[in-house]
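This is the structure we're talking about:
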């Protein structure tokens, strides 16, 4: 059963309604602006509901929120309500965590079953082939969801990836990189290059996720594009680290063969 966290009386919890948000870039901008207000402890901007959930060490007035966005006239703060029973995202129960990441878990299970089935068809277990198929399934499968709305993915990805933050076009290129890597893994070609690229790309993204999680902001994970509303969390880091470890293992094996 999920558990609500009741914050102390010294903390204020407000929900603001903001008009003008149209994309993940808006979410990023508003989050950064409101996070900069003195006394703000946590900010979560929800595009679907056009809302900003705010936890602070003191009362943050409607005027202060409006002032943070005063040079951005497309956004307007409509109203504010107080709620002292907000659920702290970092304290999700196991049940809610499974529910939140159900799409990602389902994809992983399907990839795992297909990879195991292929191993069974071979009559013997080949660890390198097994890992190649896992990597191929992840890259091809995840890139598919990103291609469904490439623009929205690029904007969401730029909220935490260090390269996309400086060069938005990288967000448009990234799904193609995933697709190419997936095809190389499933074809068993240029594996040293594919694994090396995987380590570099995922290490950079993981660093960006880690830095974002250290802030007081909440962002959407773009691993499944914007089709599913998955929060950026340690699950994203764990997913990337597993891929990085498999690639490092493969690189070590390939270099020994050479």
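Numbering (the numbering used here), first residue to last: 82 to 339.
For glycine and all other residues, C-beta sits at the position ideal for the given N, C-alpha and C.
Take residue i as the anchor and find which of the options has the nearest alpha-carbon.
i           : options            : result
residue 146 : 268, 235, 98       : 98
residue 154 : 123, 183, 266, 101 : 101
residue 95  : 199, 141, 214, 265 : 141
residue 322 : 246, 285, 206      : 285
residue 190 : 222, 315, 257      : 222
residue 263 : 244, 248, 219      : 219
residue 192 : 333, 270, 212      : 212
residue 120 : 136, 130, 208      : 136
residue 93  : 106, 114, 122      : 122
residue 293 : 239, 254, 259      : 239
residue 156 : 111, 302, 196      : 111
residue 117 : 180, 301, 150      : 150
residue 184 : 152, 311, 131, 287 : 311
residue 104 : 230, 195, 148, 208 : 230
residue 144 : 158, 195, 132      : 158
Going by other Cβ atoms of all chains shown within 10 Å of its Cβ, with 16 needed for buried, is residue i buried or exposed?
i           : result
residue 320 : buried
residue 233 : buried
residue 198 : exposed
residue 338 : exposed
residue 171 : Because residue 171 carries a pLDDT of 43, less than 50, the predicted location of this residue cannot be relied on, and the following value inherits that uncertainty. Classification of residue 171: exposed, given that the 10 Å Cβ count is below 16.
residue 201 : exposed
residue 179 : exposed
residue 295 : exposed
residue 303 : buried
residue 266 : buried
residue 287 : buried
residue 217 : buried
residue 175 : Its pLDDT being 47, under 50, residue 175 is placed unreliably in this model, and the value from its coordinates should be taken loosely. It counts as exposed.
residue 235 : buried
residue 215 : buried
Using a Cβ-Cβ cut-off of 7 Å (strictly less than) and excluding sequence neighbours within five positions of residue i, which residues of its own chain qualify?
i           : result
residue 290 : 241, 313, 317, 318
residue 328 : 276, 279, 280
residue 258 : 282
residue 188 : 222
Looking only at its own chain, which residues have a Cβ that is under 6 Å from the Cβ of residue i, when we skip the five neighbours before and after it?
i           : result
residue 108 : 126, 128
residue 341 : Residue 341 is absent from the structure shown; the chain starts at 82 and stops at 339.
residue 226 : 305, 306, 308
residue 35  : For the chain, the structure presents residues 82 to 339; residue 35 sits outside this window and is missing.
What does a CB cutoff of less than 8 Å around residue i pick up in its chain, not counting 5 residues either side in sequence?
i           : result
residue 186 : 179
residue 224 : 256, 257, 259, 260, 263
residue 207 : 200
Whole-angstrom Cβ separation of residue i and residue j, contact assumed at under 8 Å?
i           : j           : result
residue 272 : residue 210 : Contact doesn't hold; Cβ gap of about 11 Å is too wide.
residue 134 : residue 237 : Their Cβ separation, rounded to whole angstroms, is 18 Å, which puts residue 134 and residue 237 out of contact at 8 Å.
Minimum length 4: unbroken alpha helix (DSSP H) runs contained in the region 98–172: 105–116, 143–149
Whole runs of the beta strand (DSSP E) within the region 202–244, excluding any shorter than 3 residues: none
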